[in-house]
Structure formats: C-alpha cells, structure tokens
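Structure first, then comments.
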Amino acid sequence: MSEKCRPSMRTWSICVSVSFGDLQVYLWRTLCWKEVLRMAIYLKAFVTNDVSISEDPRELLFDKHVEYIANHGNDKNDYEYCMTEFLRMSGIYWGVTGLDLMHQLDRLNRQEIVDFIKKCHCPVSGGISACEGHDPHILYTLSAVQILCIYDALNEIDTEAIARYVGSLQQLDGSFFGDKWGEVDTRFSFCAVAILSLINKMSVINLDKAVDFVMSCCNSDGGFGSKPNAESHAGLIYCCVGFLSITDQLHRLDCEKLAWWLCERQLPSGGLNGRPEKLPDVCYSWWVLASLTIMGRLHWISAEKLERFILSCQDGETGGFSDRTGNMPDIFHTLFGLGALSLLGYERLRKVNPTFCMPQYVIDRCKVQPKTIVL
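If you count the sequence shown from 1, position 62 lands on 62 in the UniProt record's numbering, and the numbers rise without skipping.
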C-alpha cells in the first residue's frame, strides 16, 4: 500500500458499528484503524451465522405433510405451478418419494404420472425433459427413472434409448455434460451412474475415467466441488460420495477428513449448512446426513439437535417443510426433511436409501447394491 493510500495512524473518536449476522455491536471510543480491524476479526471469530428456531412443532405433522404433497400442483393456474414448469419432473419425484416414505404412494395417480414421463421422453436423443416440450437433461432423466422404479414401471419406457443418451454425454476426461449445451458438473456424474445402475446398463460408459474425473474434484479439505478446483459444497459432496458408493470406490475417500468437514456444518441451532459461513437449511440435513451414513459416521453429529431443527421447519397450517423456521414450505425441502428424519430412524417413515434417496424396498426390488462403509 502506498504512503498516500495508507490509513492515518492518528486516533479517531467515532461510533463503530460492527454487524455479524443478527449481532450489531456499537462502540463509542477513541480508536485507530488497526484497533478497529483487530476488533472486527476478534468478534467474527466468536459469532456464528445461524438462526433461531421455534420450540413447536416437536413432532412430525404426518397427516398434514401427506395432504400437502397429495394436493401439490392440483391448481394448474397457480403462480408457483406455472413458474416451476422447468423442473416439473423433479417436483414429481420429490412428491412421489415423499409420499412413499410415508406409506401413502396410492394418493397419487400412477398412470397419469407414467404417461407424463412418456410424453417427456425425447425419441431422438433418448433423454427425458422436465416437462413436455422442454429439452432433455440428465437431471430430469434421473428423476423420471427414479419415479418409474418406485412405480415398478421401467418396462413402460425404452431403457436402451436412455442408456444411449447417458453414454452420449460422457466426455473424454470422464466427466458428463448435463445436456447438449455442455455444462460439466459432478452432479451429472452422479446422475449418470445412478441412472445406469437403476436400469442395469453401466457398461455403456467408461467407468474408470468417470471415477478419475470425480476424484480430480476432491479438495485438500477432503470435500468435493462441481469441477476440479471448485469450492467444496455439501450437496456436491453427496453427489460424489453417492457416485463412489454406486461404483464401489468408497476406499478412495479420506473418510476421516471428509466426515470432519461435514460435521463442522452443524450449527448451534442443530441445523446443517452447505459450506462455511452459510445459514442452515433443511435440504443440507439430507446431503450431509446421507454422506455421513454412506461413510458409516452418522453418529458423528448431534442427531437430537438436528431433529429438533428439522421439525421446527414444518408449517403447522399447510404442512410441508421450509428451508428454515418461519419460511414458506415447498415440495423440495419437504422430501429432504422427510428423508433426513428417515435416516435418523424416525418412526412411521419407511427406511430410505442414503445413496439414491429412494425407499430402500425399491432399491432392493431393483437388485441394486450401492456400497456403504461399516465401522
């Protein structure tokens, strides 16, 4: 820093306002700029970006969640329904899986959903889109395959075409495009092997290169990002751990380091965030818990505090889960709230598979055997 730009060492009589999350500190005193900086660093070290949670509800609002999911999307003129067309296939997967975990799969019209998937199946590429008339994408192809597996209806779709589509998205370095437009992300690597495992067509890809690419996205903190040298993120860690679970490569993980990083995501509220300095979110209850479960280290976090956080995010009027206490519920957070509670052994919920986020009985019926670590 040049002498011209360097702050003066003279003292200032000022009102210093330091804001960290919900904490606002006001100080009126004589300070030099170095003291201000030192104070800010000190305060930051002891202030966590977290939320306050409500004490109620303390139990699972089972019936309200069933009604919330079963009635979701009934009003085709609803603003939210119209604005979420671009991810409708995944929305159906979230709803179908959530109801199945609650033993209420029959609340939805099976044939109507299967017919919708058929309409979204592109006869040219073999992929499946989020909604009729949209471009196919590997994310929505996985959601569709998961739905068909839950309904035991894979025979109603051309799985050979789906396998060709997935194979066509693999690149020379082993990575996968999400669609024809060329975005690369470790989410798509997970989607690829999850789809091919469920339809028993894994031989259409170069598995060794796929594994090498995922491992190239591992960081020094033990976590994984979306691509090489990208920041570690709990959602992407789940995708990479799930990928290694499906491909029987969990031995390539530094489980101690990665599990420690994941456990550090738990905040005083009991909730989990996706990366340092972020707020807790119900969906990370799934991404983090599932990864720890696959690695045999679920017991490393406080299950009691996390359960209390998840339950506090329920909407007592409409049903459904939100990202945080007091926010609007949505179908996405509802599934992952239920999934996390299932991993914690919550009564009345079916056992969920941590790799696929599908009921375990469906995975057993498909004869798929993702690996986990048993300590």
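Backbone N, C-alpha and C define an ideal beta-carbon position, used for all residues, glycine too.
Using a Cβ-Cβ cut-off of 8 Å (strictly less than) and excluding sequence neighbours within five positions of residue i, which residues of its own chain qualify?
i      : result
LEU99  : VAL66, ILE69, ALA70, LEU105, ARG107, LEU108
LEU196 : ALA163, VAL166, MET202, VAL204, ILE205
LYS257 : ASP221, GLY222
ARG110 : TYR151, ALA153
ILE113 : ILE92, VAL96, ILE147, TYR151
Quick check: what's the CA-CA separation for residue i versus residue j?
i      : j      : result
GLY319 : VAL204 : 43 Å
ASN273 : THR334 : 17 Å
GLU3   : VAL288 : A caution first: GLU3 carries a pLDDT of 43, below 50, which makes its placement in the model unreliable, though a value can still be read off. Taking the straight line joining both Cα atoms gives about 48 Å.
ASP78  : GLU85  : 11 Å
GLY182 : ILE147 : 26 Å
ARG265 : CYS357 : 20 Å
THR372 : LEU292 : 10 Å
PRO228 : SER220 : 11 Å
CYS283 : THR355 : 15 Å
VAL368 : VAL352 : 14 Å
ASP156 : MET102 : A quick correction: the sequence has Glu, not Asp, at residue 156. Between GLU156 and MET102, the C-alpha separation is close to 25 Å.
PHE243 : HIS251 : 12 Å
GLU55  : ASP115 : 43 Å
SER168 : PRO370 : 24 Å
PRO57  : PHE336 : 18 Å
GLY225 : HIS233 : 6 Å
SER312 : ILE53  : 6 Å
CYS366 : VAL145 : 12 Å
ILE14  : GLU277 : Reliability of the predicted coordinates at ILE14 is poor, the pLDDT of 42 falling under 50, and no value is obtained from them.
ALA161 : LYS180 : 16 Å
SER322 : GLY133 : 30 Å
Which class does residue i belong to by DSSP, given the choice of helix, strand or coil?
i      : result
SER19  : Any reading at SER19 is ruled out, since the residue's pLDDT is 45, under 50, leaving its predicted position unreliable.
HIS299 : helix
VAL96  : helix
SER129 : strand
HIS72  : coil
ILE363 : helix
CYS218 : strand
HIS233 : coil
LEU375 : coil
HIS121 : strand
ASN353 : strand
GLN249 : coil
CYS314 : Checking the sequence shown, residue 314 turns out to be Gln, not Cys. Correct three-state label for GLN314: strand.
LEU267 : coil
MET102 : coil
LEU244 : helix
LEU306 : helix
ARG29  : Since pLDDT at ARG29 reaches only 48, below the 50 mark, its modelled position is unreliable, and no value is offered.
LEU60  : coil
LEU207 : helix
LEU87  : helix
LEU272 : strand
MET202 : helix
So residue i and residue j are in contact, right, with Cβ under 8 Å, and what is the actual spacing, rounded?
i      : j      : result
CYS131 : MET89  : 7 Å
VAL193 : ILE246 : 5 Å
PHE188 : GLY178 : 5 Å
LEU279 : ARG324 : 7 Å
ILE138 : PHE176 : 7 Å
LEU267 : ASP50  : 4 Å
ALA210 : GLY174 : 5 Å
CYS217 : CYS240 : 7 Å
Looking only at its own chain, which residues have a Cβ that is under 6 Å from the Cβ of residue i, when we skip the five neighbours before and after it?
i      : result
SER143 : MET89, SER90, TYR93
LYS201 : ALA163
LYS305 : GLY270
TYR165 : SER125, GLY126, GLY127
ALA290 : TYR238, PRO354
LYS64  : GLY319
CYS255 : MET295
GLY339 : TRP286, VAL352, CYS357
GLN360 : LYS351, ASN353
VAL374 : GLY296
PHE213 : ASP173, GLY174, SER175
Once the 5 residues before and after residue i are set aside, which same chain residues still bring their CB inside 7 Å of it?
i      : result
LEU61  : GLN314, GLY316, GLY319
LEU154 : LEU148, ILE199
ILE363 : ASN353, PHE356
LEU207 : THR247
ILE310 : VAL282, SER285, GLY337, ALA340, LEU341
So residue i is in the alpha helix (DSSP H); what residue range does that whole segment cover?
i      : result
TYR140 : 138-150
ALA340 : 331-343
ILE162 : 159-168
SER189 : 186-198
LEU258 : 255-263
VAL368 : Counting along the chain, VAL368 falls outside any alpha helix (DSSP H), and DSSP gives it neither H nor E.
THR293 : 282-294
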